[in-house]
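Data first, discussion second: the structure below is written as structure tokens.
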Amino acid sequence: MNLTEFIVRNAQSHPHKEAVCLPLADPPVSWSYRELLHLIRCVSGGLCAAGLTPGNRIMIALNRPEEAMPTLFGCMYSGMTASILPTPGLLQDGRSRNAEMICKARELDFHALVTNEANSSADFPALNAGTLLDSAPTPAPGVEPVADIPAYIQFSSGTSGSRKGVMLGHEAIRNMIHDFSTAHSFIPDQTTASWLPLFHDFGLFAGVLMPLVFGHRVLLCSPVQWLRKPGRFLRLLEEYSAGFLFITPSGLIHTLRSLDETDRNTNLTKIKSIFLGGEPLYPASLACILDGLRALQCPDNVLRNGYGMAENTLYATITPPGSPIRID
């Protein structure tokens, strides 16, 4: 089953339920499940109009989650293989250096590139994200996945060996989501928060895809927005009654150390789980986190520390619910 089928089902059963909100975006963004599905179908229609077909590989070089997310799901919906890559060469206005990204896409054997520009070369299509999102929506249902065509290519930093692109199928991602959610009571009608970058599997699968599968509201901001206002992001957790937070240990420490007088009045008693990952957690860091969270009325037993890699489709091990984090 195509992973986007879960979004289709949520749009059918709860069309007006808020799916994604980015309150720190300019302007702020809020999509219902029906609106998100419409954007996905628009992207799918634009990809098909550009002559792309199921099985094609699409590189996504977008730094704004409100563009990258529906573009990714539009690729999946169309039976294509997508990959979100870091865009270190961004210009100040948010556009990517198109020629450099086209060269990179060619080198990595992609069939098309999606950026904030639309300067295709003679033999390689570079599609504009805004144009795709404004395309006529496809009336067709999501493409059934083929066993040997992956849903996503996650580029690994090389934790378990050399750097590589790891092919992840629809079924593998779906099984990971089922295992994780079953173990950690990922029930519907919750709000999940994250600022993690979508080119990282922790940010993409844990912070976005998994909660959308379960009909959550995803409270999202970009890493840049979080860095500018870490205390504001923390207050959003209370304002939106967030139940789940995905964050790195250093990111949480930075947030807790950046609080002003208003931020220190934040109440996090409604948080059910804070999932730490993406980097090692050291005893001194854990102590700092626990002290900071206690000051915000957050119980100690909500912390979960995990380790994973792309080859494991996100995670390999994580603290069981209700258990303290073990220090080795």
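In terms of my numbering, the sequence shown opens at residue 1 and continues consecutively.
For glycine and all other residues, C-beta sits at the position ideal for the given N, C-alpha and C.
* Distance between residue 278 and residue 248 (C-alpha atoms, nearest Å) -> Here the question's residue 248 lines up with position 248 in the sequence shown. Here the question's residue 278 lines up with position 278 in the sequence shown. If I take the Cα positions, the gap works out to 6 Å.
Item to complete: Quick one: grab the DSSP three-state call for residue 91.
Response: Here residue 91 corresponds to residue number 91 of the sequence shown, with the count starting at 1. Bear in mind that the predicted position of residue 91 carries a pLDDT of just 43, short of 50, making it unreliable; the figure below should be weighed with that in mind. The answer is coil: DSSP assigns residue 91 none of H, G, I, E or B.
* Please state whether DSSP places residue 53 in a helix, a strand or coil. => Working through the sequence shown from its first residue, we reach residue 53 at position 53. In the structure shown, residue 53 sits in coil (DSSP, three-state: anything other than H, G, I, E or B).
With a CB to CB cut of under 8 Å and the five nearest residues on each side skipped, what residues in its chain are close to residue 94?
-> Translated into positions along the sequence shown, residue 94 becomes position 94. Below a pLDDT of 50, predicted positions are generally treated as unreliable, and residue 94, at 45, falls in that range; the measurement from the model is reported next regardless. Only 63, 64 and 116 meet the Cβ criterion.
Touching by the beta-carbon criterion (3+ pairs, under 8 Å), the segment 248 to 266 and the segment 282 to 290: yes
When you compare the CB positions of residue 322 and residue 316, do they come within less than 8 Å of one another, or not? In the sequence shown, the residue the question calls residue 322 occupies position 322. In the sequence shown, the residue the question calls residue 316 occupies position 316. No, the pair does not count as a contact, with Cβ atoms beyond the cut-off.
Check whether the segment 10 to 28 touches the segment 98 to 118, counting contact only when three or more Cβ pairs, one atom from each stretch, lie closer than 8 Å.
no
Query raised in the report: Hey, would you say residue 84 sits closer than 8 Å to residue 204, going by beta carbons?
Result: Here residue 84 refers to the residue found at position 84 of the sequence shown. Here residue 204 refers to the residue found at position 204 of the sequence shown. Yes, these two residues count as a Cβ contact at 8 Å.
What are the boundary residues of the alpha helix (DSSP H) that includes residue 282?
For the purposes of this step, residue 282 is taken as the residue at position 282 of the sequence shown. It is not in any alpha helix (DSSP H) - residue 282 carries neither H nor E in the DSSP assignment.
- Message: Restricting to Cα atoms, I'd like to know which of 270, 256 and 148 is closest to residue 264.
- Response: Here residue 264 refers to the residue found at position 264 when the sequence shown is read from its first residue. Cα-wise, what sits closest to residue 264 is 256.
Per DSSP, what are the beta-bridge partners of residue 167 in this structure? The residue you call residue 167 lines up with position 167 of the sequence shown. Answer is 153.
Exercise. Residue 335 and residue 58 look like a contact to me (Cβ under 8 Å); what is the Cβ gap, rounded to whole Å?
Worked result: Absent from the structure is residue 335, since the part of the chain shown begins at 1 and ends at 328.
Check each candidate in 30, 276, 73 and 61 and name the one with the smallest Cα separation from residue 303. The sequence position of residue 303 within the sequence shown is 303, counting from 1. When only C-alpha atoms are compared, the closest one is 276.
- Message: Taking the beta carbon of residue 262 as the centre, do at least 16 other beta carbons fall within 10 Å, making it buried, or is it exposed?
- Response: Your numbering for residue 262 matches position 262 in the sequence shown. Exposed: under 16 other Cβ atoms inside 10 Å.
Checklist entry - Counting Cβ pairs, one atom from each stretch, are 3 or more of them under 8 Å apart for the segment 175 to 195 and the segment 218 to 233? => result yes
Cβ contact (3+ pairs, closer than 8 Å) linking the segment 292 to 299 and the segment 131 to 150: no
Worksheet item: In chain order, which alpha helix (DSSP H) runs of at least 4 residues are fully inside the segment 5 to 37?
Response: 5 to 13
Mind checking who residue 325 pairs with in its DSSP beta bridge? For the purposes of this step, residue 325 is taken as the residue at position 325 of the sequence shown. Looking at the DSSP assignment, residue 325 forms no beta bridge with any residue, so it has no partner.
### Task
Between the Cα of residue 34 and those of 26, 244 and 19, spot the shortest distance and give me the residue it belongs to.
Sequence index remark: in the sequence shown, residue 34 carries index 34 (1-based). Checked all of 26, 244 and 19; the closest Cα to residue 34 is 19.
Inset, instruction - Measure how close the beta-carbons of residue 133 and residue 114 come, nearest whole angstrom, since I'm counting them as under 8 Å. - result: What you label residue 133 is simply residue 133 of the sequence shown in a count that begins at 1. What you label residue 114 is simply residue 114 of the sequence shown in a count that begins at 1. Not confirmed; about 10 Å, so no contact.
Check your understanding: Can you name the start and end residues of the alpha helix (DSSP H) that residue 73 belongs to?
Key -> In the sequence shown, the residue the question calls residue 73 occupies position 73. 65 to 77 is the extent of the alpha helix (DSSP H) around residue 73.
**Asked** Are the beta-carbon atoms belonging to residue 45 and residue 80 less than 8 Å from one another?
**Response** For this step, residue 45 is matched to residue 45 along the sequence shown. For this step, residue 80 is matched to residue 80 along the sequence shown. In this structure, residue 80 does not lie closer than 8 Å to residue 45 by Cβ.
Cα-Cα separation, residue 200 to residue 206: As a working note, residue 200 is residue 200 in the sequence shown. As a working note, residue 206 is residue 206 in the sequence shown. The alpha-carbon atoms of residue 200 and residue 206 are separated by roughly 10 Å.
*Hey, could you find the ends of the beta strand (DSSP E) residue 217 is sitting in?*
Indexing the sequence shown from 1 puts residue 217 at position 217. Start and end: 217 to 220.
| said: DSSP three-state label for residue 258, please. | reply: The residue given as residue 258 occupies position 258 in the sequence shown. Reduced to three states, the DSSP call for residue 258 is coil.
DSSP bridge partner residues for residue 114 (one or two, in chain order)
Residue mapping note: residue 114 aligns to position 114 of the sequence shown, counting from 1. Residue 114 pairs with 60 and 127.
message = Nearest by alpha-carbon distance to residue 109: which of 135, 223, 242 and 82 is it?
response = As a working note, residue 109 is residue 109 in the sequence shown. That would be 82, whose Cα lies nearest to the Cα of residue 109.
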